[in-house]
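Asker: Convert by adding 180 to the 1-based position in the sequence shown; the result is the number in our numbering. Heads up, the beta-carbon is just placed ideally off N, CA and C, and yes, glycines get one too. Questions regarding the structure given below will be posed in turn.
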Amino acid sequence: MSTTGGVAVELTDLTRTYGSVKALDGLNLKMEPGEFIALLGPSGCGKTTALRILAGLDKATSGTVTVDGRDLTSVPASKRDMGMVFQAYSLFPHLTASENVQFGLKMRGSAKGERATRAAEMLDLVGLSEHANKYASEMSGGQQQRVALARALAIQPRVLLLDEPLSALDAKVRTQLRDEIRRVQLEVGTTTLFVTHDQEEALAVADRVGVMSKGRLEQLAPPAEVYANPATPFVAEFVGLNNQVPAAVSGGRASVLGSELPTLAGSITSGSGTAMVRPESVTVTADESGAATVRSVAFLGPISRVYVELSDGAVVHAQLSSSQAREFSPGQRVAVGVQPTDVLVVPVRAE
Numbered sequence: 181m182s183t184t185g186g187v188a189v190e191l192t193d194l195t196r197t198y199g200s201v202k203a204l205d206g207l208n209l210k211m212e213p214g215e216f217i218a219l220l221g222p223s224g225c226g227k228t229t230a231l232r233i234l235a236g237l238d239k240a241t242s243g244t245v246t247v248d249g250r251d252l253t254s255v256p257a258s259k260r261d262m263g264m265v266f267q268a269y270s271l272f273p274h275l276t277a278s279e280n281v282q283f284g285l286k287m288r289g290s291a292k293g294e295r296a297t298r299a300a301e302m303l304d305l306v307g308l309s310e311h312a313n314k315y316a317s318e319m320s321g322g323q324q325q326r327v328a329l330a331r332a333l334a335i336q337p338r339v340l341l342l343d344e345p346l347s348a349l350d351a352k353v354r355t356q357l358r359d360e361i362r363r364v365q366l367e368v369g370t371t372t373l374f375v376t377h378d379q380e381e382a383l384a385v386a387d388r389v390g391v392m393s394k395g396r397l398e399q400l401a402p403p404a405e406v407y408a409n410p411a412t413p414f415v416a417e418f419v420g421l422n423n424q425v426p427a428a429v430s431g432g433r434a435s436v437l438g439s440e441l442p443t444l445a446g447s448i449t450s451g452s453g454t455a456m457v458r459p460e461s462v463t464v465t466a467d468e469s470g471a472a473t474v475r476s477v478a479f480l481g482p483i484s485r486v487y488v489e490l491s492d493g494a495v496v497h498a499q500l501s502s503s504q505a506r507e508f509s510p511g512q513r514v515a516v517g518v519q520p521t522d523v524l525v526v527p528v529r530a531e
């Protein structure tokens with residue numbers, strides 16, 4: 181199976197305005213050859229706009245797009261050699277899976293035998309060899325999206341662009357296809373940009389995650405770093421469920437729920453603030469004289485979330501194993517603490 185290998189991609193000072201709205205506000209992004217980057221953020225943050233500008237489907241107000249050292253800013257989409265997979269499956273209903281995969285090759289003038297061989301290779305790559313002669317109506321949503329992925333890769337794209345490709349699928353299929361996309365990308369080595377609003381998806385598949393807000397890139401780093409060392413309050417809040425609890429900072433340490441913790445870079449250096457505490461860092465202990473009360477327990481399979489009301493009325497949630505969580509019930513008095521970990525402490529928000 182032949183592939184193009186990875187190429188470097190660079191988006192430099194990209195802006196995109198729609199009237200008075202800035203969809204992109206000076207975006208800078210460098211992708212290494214063969215790298216898998218996920219752009220993560222809420223709706224309207226600019227992530228899909230960035231992907232569409234890279235694809236040539238939208239035009240930047242200013243800035244440049246460079247692929248493998250070549251300026252593609254003014255090159256039309258049809259000449260950029262990029263494969264795309266969208267949220268909608270976008271298969272031709274009157275064509276079989278094999279014919280759908282062959283479509284881009286046919287448009288490029290490839291010989292019939294060459295198209296058939298390439299389509300067979302790509303369907304095998306995504307595990308659909310036995311479905312080559314099925315029509316879209318005869319396949320599940322997950323299978324249709326695998327065909328769409330095979331079609332995007334069949335043309336040997338220089339860059340693979342995935343725009344919310346899993347959003348229309350149910351949870352189990354979404355997880356399976358998420359892992360499949362990563363396996364395929366590692367096998368073919370194509371530089372890939374994956375756009376999603378789902379934190380778990382981004383953290384699970386990417387070499388680096390770029391968190392976007394209001395047209396700006398807030399942080400670009402490996403998944404573990406984004407999760408453990410958020411660069412801004414927005415990243416801390418958006419990536420994972422966070423508790424926001426009062427903290428007092430002095431000498432690079434914060435007093436949080438009775439624990440003294442080192443602060444992360446970007447924290448306030450002194451005074452009162454708000455600590456962003458991960459649910460898995462919160463400890464809950466049965467204690468009849470404790471100052472907190474269990475409000476509810478949510479069972480989520482192997483883990484559970486225990487919601488606890490503090491003495492000041494604030495509610496924090498702890499993520500515990502379900503076997504641990506069985507020890508707690510609503511109305512129970514407990515003591516709450518924080519495991520030793522670095523925390524981000526931000527200024528108290530004005531009401």
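1) Is the beta carbon of A515 closer than 8 Å to that of T465?
2) Restricting to Cα atoms, I'd like to know which of E367, L219, G214 is closest to K394.
3) Taking Q325 as the reference, give the member of P345, L341, G263, S317 with the closest Cα.
4) Which of the three DSSP states, helix, strand or coil, is assigned to V406?
5) Between A401 and the ligand ATP, is there a pair consisting of the residue's CB and a ligand heavy atom that are separated by less than 7 Å?
6) Mind reading off the beta-carbon distance from A384 to R363? Whole number of angstroms is fine, and I expect it under 8 Å.
7) Please give me, in chain order, every unbroken run of the alpha helix (DSSP H) with length at least 4 that falls completely inside the segment 413-440.
8) Let's test the definition: count the other Cβ atoms within 10 Å of the Cβ of Y198 and tell me whether it reaches 16, buried, or not, exposed.
9) Can you tell me whether DSSP reads V339 as helix, strand or coil?
10) Taking the alpha carbon of D492 as the point to measure from, which residue in G481, P426, S270, P442 has its own alpha carbon closest?
11) Considering only C-alpha positions, which residue in the set T355, V306, A188, S278 is nearest to D251?
12) By the three-class DSSP mapping on this structure, what secondary structure does N208 have?
13) Rounded to whole angstroms, what's the CA-CA distance from M456 to L207? Just pull it up for me.
14) For A416, count neighbouring C-beta atoms within 10 Å of its own C-beta (all shown protein chains included) and say buried if the count is 16 or more, exposed if not.
15) Within 10 angstroms of its Cβ, does R288 collect 16 or more other Cβ (buried), or is it exposed?
16) Going by beta carbon distance, what residues of the same chain come within less than 7 Å of V486, once the five residues before and after it are set aside?
17) Touching or not, the segment 402-411 and the segment 242-251, by the rule of three or more beta carbon pairs under 8 Å?
18) Could you tell me whether the segment 257-268 touches the segment 203-217, using the rule of 3 or more Cβ pairs below 8 Å?
19) What distance in whole Å lies between the Cβ atoms of T355 and Q365, which are believed to be in contact at a cut-off of 8 Å?
20) Among residues of its own chain, excluding the 5 on either side of P510, which ones have a beta-carbon nearer than 8 Å to its beta-carbon?
21) Which residue comes first and which comes last in the alpha helix (DSSP H) that contains A299?
22) If we count the other Cβ atoms within 10 Å of its Cβ and call it buried at 16 or more, is S242 buried or exposed?
23) By DSSP, does V385 sit in helix, in strand, or in coil?
24) Can you tell me where the beta strand (DSSP E) holding S452 begins and where it ends?
25) Candidates A471, E190, R331, E367: which alpha carbon is nearest V265's?
26) Return the residue from the list L480, A334, P413, G369 that minimises the CA-CA distance to K286.
27) Can you pull the DSSP bridge partners for D251?
Answerer: According to the structure data:
1) yes
2) L219
3) P345
4) helix
5) The model on display carries no ligand, and the ligand ATP is accordingly not part of it.
6) Not confirmed; about 12 Å, so no contact.
7) 413-418
8) exposed
9) strand
10) P426
11) A188
12) strand
13) 27 Å
14) buried
15) exposed
16) V464, V474, V477, H497, A498, L500, A505, F508
17) no
18) no
19) At roughly 16 Å, the Cβ-Cβ gap does not stay under 8 Å, so Q365 and T355 are not in contact.
20) V474, R475, S476, V477
21) 292-305
22) exposed
23) helix
24) 451-457
25) R331
26) A334
27) T246
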